[in-house]
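Student: This structure is in structure tokens; I'll ask about it shortly.
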Amino acid sequence: MASGAQRRIKSISYAKYGYIFILPFFLVYFFFQLWPLINTFIVSFHGNGKSVEAWVGLQNYKDILFGGTRKVRVIHESFFECLRNTVILWVGNFIPQLALSLSLAVWFTEAQLKIPGKGFFKVVMYLPNIITAASVAVLFLQLCGQSETNPGAVNLILHKLGIVARDEASGIYKTIPLVEGVWPSRIVIMFIQTWMWFGNTMIMLMSGIQGINPSLFEAASIDGASSGQVFRKITLPLLTPIMAYTLITSMIGGLQMFDIPFLYTKTGNVKDHIKTLAVMIFQYFHAQADENKMGYAGATSVLLFFITLTLGLIAFYITRDKDEIAKKKQRKKIAQQAKKESKQFGGISL
Amino acid sequence: MSGNMKDVYGKAKDNYTAKIKLKSGILFVWFLLLTIICLLPIYILVINATRSHSDIANGLSFVPSHYLKSNWNKVFTDPGFKLCYSAFHGYKNSLIITVCSTFLTVFFSALTAYGIHVYDFKLKEISYSVILLVMMVPMQVTSAGFIAFMSDLKLTNTYWPLILPSIAAPAVVYFMRSYMKSSFPLDIVEAARIDGCGEFRTFLSIAIPMMKPAIAVQAIFAFIASWNNFYTPNMILISVDLKKKTLPMMVSALQSSDKFNDYGAIYLAIALSIIPIIIAYVLLSRFIIAGVALGGVKE
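If you want it as structure tokens, here you go:
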């Protein structure tokens with residue numbers, strides 16, 4: 416057995432490599448992300464428009480969160496409107512998306528089901544995810560767009576299905592306003608998001624399910640468990656880490672939803688009812704020099720940061736690996752005990 | 018007695034098979050329906066790219082027409098289109114940025130995950146927690162400071178700010194670490210050390226091949242994310258001329274269709290922006306699905 420000193424030398428020499436290996440990541444991170452993040456905080460304490468240079472402290476936050484004069488109240492209301500839109504759009508696409516992907520992932524991995532063309536289905540369902548979101552937004556804008564004479568592809572399909580009526584005399588369709596309407600346009604965006612992402616989530620979950628030890632499924636099927644029981648008692652609990660990953664990445668993605676709401680407009684101005692926080696931040700940055708709202712943009716960014724952080728930590732807490740924590744505690748205990756024991760032999764720590 | 022038993026079991030087995038068959042059948046129909054939903058918008062897009070403006074305005078069709086050539090000419094010669102859309106420059110620019118950043122993301126994420134997983138050092142737990150924390154920072158939050166900083170460094174309107182930051186991809190590190198936890202035993206590193214293999218070589222010639230499935234999956238996701246990225250290029254490449262713009266930026270210019278007023282040409286322009294990646298996907302899909310399936314095989 417190696418003495419304590421020998422072990423220590425060994426561990427020091429390898430620890431060096433640990434630092435070298437993670438160095439590039441942290442270097443780039445500090446340079447391209449952490450410093451910009453700090454910079455954003457600094458911007459959020461400064462003024463807007465012509466007084467960009469002036470230090471205003473927490474005024475921007477106060478304006479956004481509590482309102483004030485009439486000019487400021489617009490920003491205050493706009494912030495909460497955008498937050499509400501973001502949450503509506505995210506929840507409206509995440510819930511159907513997760514339900515769909517989870518059920519598909521389970522069915523795809525169920526061994527006894529004989530479904531022809533499984534591989535083909537997987538390929539097709541993942542397909543929408545690889546298409547550029549900007550192209551998808553413009554494509555759906557074309558498909559959903561309508562004028563008096565041209566109802567657009569989606570409304571035509573709905574007409575054929577008997578949902579959209581047509582006035583026989585004038586030939587004008589009673590179209591659903593899929594671009595202009597409040598809820599129709601929101602539903603279209605939720606649909607686009609689900610359409611684009613369910614394949615991705617499905618693949619993530621499938622790789623998680625396939626990672627579960629197959630002998631567990633075998634044992635369950637020998638014991639006569641129904642597929643519902645297998646799902647609830649084996650698949651779901653063992654899938655928690657991957658589900659956490661999916662939930663967190665989807666949530667972060669949802670909070671920064673930008674491309675589709677930003678481009679899903681005919682006029683170039685994003686409609687108020689589909690404007691997300693990311694769009695709001697982008698617009699505040701890009702306003703004219705005198706009119707810009709740098710300070711507000713910074714403050715909104717910081718608020719978005721804290722919202723994401725809170726939700727992320729909650730998700731982590733709920734889905735944390737309880738076994739791992741118990742193991743860690745035990746390990747710590749053992750290490751402490753070992754430390755205590757080694758102190759009796761000259762105080763060399765391990 | 019035994020005949021009776023056979024009868025009972027046979028019936029149960031038949032019941033079971035019938036149930037499975039029924040379930041498979043229902044699921045097959047459901048999958049078929051989803052397939053149609055997935056493909057229909059793309060199909061309409063391709064069909065409409067071959068039709069004329071008035072055809073599209075008048076109604077829906079599922080058979081291609083013969084206006085592809087005139088639409089094509091319009092996209093590539095019409096002065097309005099030429100001002101904001103050039104498919105081949107878009108392909109080139111997007112490809113350069115995407116390939117570089119995908120490589121950097123995958124390589125450095127694997128390196129970081131390996132460093133944290135294999136070595137014991139004082140800041141190990143802290144650095145991993147930092148990475149997890151960092152994962153939650155939305156890009157929009159840093160964008161204000163990022164652009165201000167990049168213009169200080171005179172890096173706006175270049176590709177560097179789009180490529181280099183991909184070295185730090187916390188979500189990918191998180192995924193790779195989880196993968197390593199379950200399928201990369203430390204004994205292998207120990208064995209390599211005994212055989213006199215250097216630490217960096219262990220990583221290159223043992224860890225990377227063993228992590229191929231995870232790397233393949235993450236490379237695909239990174240590639241897609243970078244190829245589809247519209248927000249960052251739109252902020253960084255503020256005043257470049259058309260020849261340096263990425264494909265999503267060009268497509269976004271088509272958004273207000275009143276300016277062009279030819280649906281067929283617009284559909285063709287959108288189609289040109291997505292068809293190459295669909296072709297690449299169809300060619301690689303076997304590998305992609307297999308890679309994903311492999312990624313799940315652990316123990």
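Residue numbers (our numbering), protein chains in the order written: chain A, 416 to 765; chain B, 18 to 316.
The C-beta atom is built at its ideal place from N, Cα and C for all residues, glycine as well.
A quick note: this is a predicted structure, and the numbers were derived from the prediction, not measured.
#1: By how many angstroms is the C-alpha of L50 of chain B removed from the C-alpha of G567 of chain A?
#2: Would you report the Cα separation of D687 of chain A and G596 of chain A, rounded to the nearest angstrom?
#3: Considering only C-alpha positions, which residue in the set B:L77, B:Y108, B:G27, B:L56 is nearest to I294 of chain B?
#4: Quick check on the DSSP output: the alpha helix (DSSP H) that includes G668 of chain A runs from which residue to which?
#5: To which residues does DSSP link Y588 of chain A through a beta bridge?
#6: Counting Cβ pairs, one atom from each stretch, are 3 or more of them under 8 Å apart for the stretch 523-539 of chain A and the stretch 281-292 of chain B?
#7: Which chain B residues sit within Cβ distance under 9 Å of F440 of chain A?
#8: Within the 7 Å Cβ cut-off, does G162 of chain B reach chain A?
#9: What is the C-beta distance between L285 of chain B and N88 of chain B, in whole angstroms, given that I count them as a contact (C-beta under 8 Å)?
#10: Could you check where the alpha helix (DSSP H) with R218 of chain B kicks off and where it finishes?
#11: Evaluate S459 of chain A with the Cβ neighbour count: other Cβ atoms within 10 Å of its Cβ, from every protein chain shown; 16 or more gives buried, anything less gives exposed.
#12: Output the boundary residues of the alpha helix (DSSP H) element that contains Q512 of chain A.
#13: Mind listing which residues of the stretch 625-644 of chain A have their C-beta closer than 7 Å to chain B's C-betas, in chain order?
#14: Give the residues of chain A in contact with L326 of chain B, contact being defined as C-beta atoms less than 7 Å apart.
#15: Measuring alpha carbon to alpha carbon, tell me which of A:M619, A:M621, A:V569 ends up nearest S600 of chain A.
#16: How many whole angstroms separate the CB atoms of I675 of chain A and I607 of chain A, which I take to be in contact at a CB cut-off of 8 Å?
#17: Per DSSP, which one or two residues make a beta bridge with W470 of chain A?
#18: Any Cβ of chain A within less than 7 Å of the Cβ of A165 of chain B?
#19: Please return the same chain residues whose Cβ sits closer than 7 Å to the Cβ of G762 of chain A, not counting the five positions on each side in sequence.
#20: Mind listing which residues of the stretch 194-212 of chain B have their C-beta closer than 8 Å to chain A's C-betas, in chain order?
#21: Could you please tell me which residues of the stretch 43-74 of chain B, in chain order, have their CB closer than 9 Å to any CB of chain A?
#22: What did DSSP end up calling G762 of chain A once you bin it into helix, strand or coil?
#23: Where does K315 of chain B fall in DSSP's three states?
#24: Do the stretch 610-629 of chain A and the stretch 649-660 of chain A make contact, defined as three or more Cβ pairs closer than 8 Å?
#25: Can you check the stretch 250-289 of chain B for any alpha helix (DSSP H) of at least 4 residues that lies completely inside it and give the ranges in chain order?
#26: Would you mind working out which of A:F677, A:A693, A:L513, A:L519 sits nearest T609 of chain A, comparing C-alpha positions?
Tutor: To lay it out plainly:
#1: In the first sequence, residue 567 of chain A corresponds to position 152, counting from 1. In the second sequence, residue 50 of chain B corresponds to position 33, counting from 1. C-alpha separation (whole angstroms): 22 Å.
#2: In the first sequence, residue 687 of chain A corresponds to position 272, counting from 1. In the first sequence, residue 596 of chain A corresponds to position 181, counting from 1. Cα to Cα, the separation comes out at about 11 Å.
#3: Position 277 of the second sequence, counting from 1, holds the residue named residue 294 of chain B. Closest option to I294 of chain B, Cα to Cα, is B:Y108.
#4: Stepping through the first sequence from its first residue, residue 668 of chain A is reached at position 253. 655-670 is the extent of the alpha helix (DSSP H) around G668 of chain A.
#5: Within the first sequence, the letter at position 173 stands for residue 588 of chain A. Paired residues: A:R581.
#6: no
#7: What you label residue 440 of chain A is simply residue 25 of the first sequence in a count that begins at 1. Under the 9 Å cutoff, chain B gives F125, S126, L128, T129, G132, S144, I148, I184, A185, A186, P187, V190.
#8: Here residue 162 of chain B refers to the residue found at position 145 of the second sequence. By this cut-off, G162 of chain B is an interface position.
#9: As a first step, residue 285 of chain B must be located in the second sequence, where it is residue number 268. As a first step, residue 88 of chain B must be located in the second sequence, where it is residue number 71. 4 Å between Cβ atoms; contact.
#10: Mapped onto the second sequence, residue 218 of chain B falls at position 201. Here the alpha helix (DSSP H) through R218 of chain B covers 216-219.
#11: Start at 1 with the first residue of the first sequence, and residue 459 of chain A comes out as number 44. Flag for S459 of chain A reads buried.
#12: If you number the first sequence from 1, residue 512 of chain A lands on position 97. Judged by DSSP secondary structure, Q512 of chain A falls within the alpha helix (DSSP H) whose first and last residues are 485-524.
#13: So the list reads Q625, G626, N628, given in the order they occur along the chain.
#14: Chain B is shown only over 18 to 316; residue 326 of chain B falls outside these bounds and no answer can be derived.
#15: By one-based count along the first sequence, residue 600 of chain A stands at place 185. Comparing Cα-Cα distances from S600 of chain A to each of A:M619, A:M621, A:V569, the minimum goes to A:V569.
#16: As a first step, residue 675 of chain A is located in the first sequence; it is residue number 260 there, counting from the start. As a first step, residue 607 of chain A is located in the first sequence; it is residue number 192 there, counting from the start. Their Cβ separation, rounded to whole angstroms, is 6 Å, which keeps I675 of chain A and I607 of chain A in contact under 8 Å.
#17: Looking up residue 470 of chain A in the first sequence gives position 55. Note: W470 of chain A sits in a beta bridge opposite A:H461.
#18: In the second sequence, counting from the first residue as 1, residue 165 of chain B sits at position 148. Look at A165 of chain B: its C-beta is under 7 Å from a C-beta on chain A.
#19: Along the first sequence, one-based indexing puts residue 762 of chain A at 347. Any reading at G762 of chain A must be qualified, since the residue scores a pLDDT of 49, below 50, and its modelled position is unreliable; the value itself is stated next. For G762 of chain A, where only same-chain residues beyond five positions count, there are no Cβ hits under 7 Å.
#20: S195, S199
#21: L44, F45, W47, F48, L49, L51, T52, I54, C55, L56, L57, P58, I59, I61, L62, N65, I73, A74
#22: As a first step, residue 762 of chain A must be located in the first sequence, where it is residue number 347. Any reading at G762 of chain A is ruled out, since the residue's pLDDT is 49, under 50, leaving its predicted position unreliable.
#23: Here residue 315 of chain B refers to the residue found at position 298 when the second sequence is read from its first residue. Because K315 of chain B carries a pLDDT of 35, less than 50, the predicted location of this residue cannot be relied on, and no value is offered for it.
#24: Output reads yes: the stretch 649-660 of chain A touches the stretch 610-629 of chain A.
#25: Runs of alpha helix (DSSP H) with 4 or more residues, each lying fully within the stretch 250-289 of chain B, are found at 264-269, listed in chain order.
#26: The residue given as residue 609 of chain A occupies position 194 in the first sequence. When each option's Cα is compared against that of T609 of chain A, the closest is A:L513.
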